[in-house]
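Here is the structure we will look at.
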Amino acid sequence: MITNQKSTLLRQIQAYCREANIAESTFGFLAVNDGKLCNRLRSGKDVTLATAQKIEAFIQDHESEFPGDPVPGGPCYDNQVLSDDIPRSNGAAPVDSGRPFRFYDNRQKYLAFINTCNEKWKIAERAAAELAHVQPRPPAFRLFDAGVGDGTLLSHLMRAMHRRFPTLPFFVVGKEISLEDVRLCLEKLPDRFVEHPASVIVLTNLYYSEAPWLMPRDVTKAAALNWQEVELEGASAYEYGEQLRALDDLLVDGWQTKASEKTGNPIYVRPSVLVLYRADNR
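If you use the working numbering, the sequence shown corresponds to residues 10 to 291, in order.
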């Protein structure tokens, strides 16, 4: 995508966010399940034609919810990128669109809260304390985390699991719908594969009722299941980290979302399962 096209797309997003009174990260999450979309556009990263079309379609589908001037776009705008600190017109209060409250509309505030307090660590410590009462049955310690979020709690708990069960294989399943959170979770996993080689870690976007079995309930969806297995080569956290970062295109394709007609919350477009393990522990 050439520069002026990316700039025009960014202008459309910024204008929509001002009209809708939502953060750019929230827009990215709702439109294409990528909270860092605008940051990537500003840094010169390209987006696929399909992603650009999804963004424009999302804006067009939701324009009618917000009164006022239409969202700008098209060739009549040059490639100058608007500033993020443009004030709202007349300091007016946000327009009530009449939509029901949805959790992800306030995702930025939620993330600001959980990342500026010790909530995650307190939960992780409390969960780790329960390991004293667990008696796992071979062949593996099975752990299910839904939703796994950015993996902070999971990585802490896996360290505690290794301390108590250093030789027992781990089979871990994490359910997460957010592409951004899956990326963050993957960043925390390389050292887990180094310290505890006998680990199989599975990430999925399936519903809560489906994820423990790694299989959609609907026959049609089950037939379209996107099952990916990745064998990690090497013996260092750096090598594993490089291989996990290289999965981004696979994640973007597999973790696409759409809005639920019943709740408005994001649900998967295609059910996906990503299985990770060390090649030397297959």
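For glycine and all other residues, C-beta sits at the position ideal for the given N, C-alpha and C.
Would you verify that the beta carbon of residue i is, or is not, closer than 8 Å to some beta carbon of chain D?
{"i": "S218", "result": "Absent from the structure is chain D; it holds one protein chain and no more."}
For residue i, which option in the options has the closest C-alpha, if you only look at C-alpha atoms?
{"i": "P147", "options": "T176, A66, G273, R291", "result": "T176"}
{"i": "I210", "options": "T229, K15, L163, S269", "result": "L163"}
{"i": "E189", "options": "P221, R291, R226, T35", "result": "T35"}
{"i": "S208", "options": "Q237, R226, F174, L223", "result": "F174"}
{"i": "Q265", "options": "Y249, N42, I132", "result": "N42"}
{"i": "D258", "options": "L283, I132, R135", "result": "L283"}
{"i": "G37", "options": "T57, F67, D55", "result": "F67"}
{"i": "Y286", "options": "A255, E242, V261, E248", "result": "E242"}
Got a sec? Which residues, its chain only, sit under 7 Å from residue i by beta carbon, not counting five neighbours each side?
{"i": "L193", "result": "D159, G160"}
{"i": "I123", "result": "K129"}
{"i": "E238", "result": "V284"}
{"i": "R291", "result": "E240"}
Please confirm whether residue i and residue j have their CB atoms less than 8 Å apart.
{"i": "K271", "j": "A220", "result": "no"}
{"i": "L198", "j": "A169", "result": "no"}
{"i": "L152", "j": "V191", "result": "no"}
{"i": "F179", "j": "A137", "result": "no"}
{"i": "A288", "j": "E240", "result": "yes"}
{"i": "V203", "j": "S269", "result": "no"}
{"i": "R201", "j": "M224", "result": "no"}
{"i": "L296", "j": "L195", "result": "The structure shown does not extend to residue 296, since the chain is modelled only from 10 to 291, so the question has no answer here."}
{"i": "A59", "j": "Q117", "result": "no"}
{"i": "H142", "j": "H171", "result": "no"}
Please state the DSSP three-state secondary structure of residue i.
{"i": "D105", "result": "Since pLDDT at D105 reaches only 48, below the 50 mark, its modelled position is unreliable, and the value read off the structure follows with that caveat. Coil, per DSSP."}
{"i": "L163", "result": "helix"}
{"i": "V209", "result": "strand"}
{"i": "I276", "result": "strand"}
{"i": "T125", "result": "coil"}
{"i": "D154", "result": "strand"}
{"i": "F174", "result": "coil"}
{"i": "N290", "result": "helix"}
{"i": "D94", "result": "Any reading at D94 must be qualified, since the residue scores a pLDDT of 38, below 50, and its modelled position is unreliable; the value itself is stated next. Of the three classes helix, strand and coil, the one that applies to D94 here is coil, per DSSP."}
{"i": "W130", "result": "helix"}
{"i": "T266", "result": "strand"}
{"i": "S281", "result": "strand"}
{"i": "Q21", "result": "helix"}
{"i": "E139", "result": "helix"}
{"i": "K271", "result": "coil"}
{"i": "Q144", "result": "coil"}
{"i": "L241", "result": "strand"}
{"i": "K197", "result": "coil"}
{"i": "N30", "result": "coil"}
If you count every other CB in all the chains shown that lies within 10 Å of the CB of residue i, and 16 or more means buried, which is it?
{"i": "K15", "result": "buried"}
{"i": "C26", "result": "buried"}
{"i": "G53", "result": "exposed"}
{"i": "H71", "result": "buried"}
{"i": "E28", "result": "buried"}
{"i": "Y217", "result": "exposed"}
{"i": "A40", "result": "buried"}
{"i": "C47", "result": "buried"}
{"i": "A24", "result": "buried"}
{"i": "V56", "result": "buried"}
Could you name the residues of the same chain whose beta carbon sits closer than 6 Å to that of residue i, not counting the 5 residues immediately before and after it, in chain order?
{"i": "N214", "result": "I186, W264, Y277, S281"}
{"i": "N235", "result": "G263, R279, S281"}
{"i": "P275", "result": "I186, T266"}
{"i": "R165", "result": "A quick correction: the sequence has His, not Arg, at residue 165. Excluding positions up to five away in sequence, the list reads A133."}
Starting from the C-beta of residue i, find all residues in its chain whose C-beta is less than 8 Å away, skip the five residues before and the five after it, and write them out in chain order.
{"i": "P145", "result": "R151, F174, L177"}
{"i": "A233", "result": "R279, P280"}
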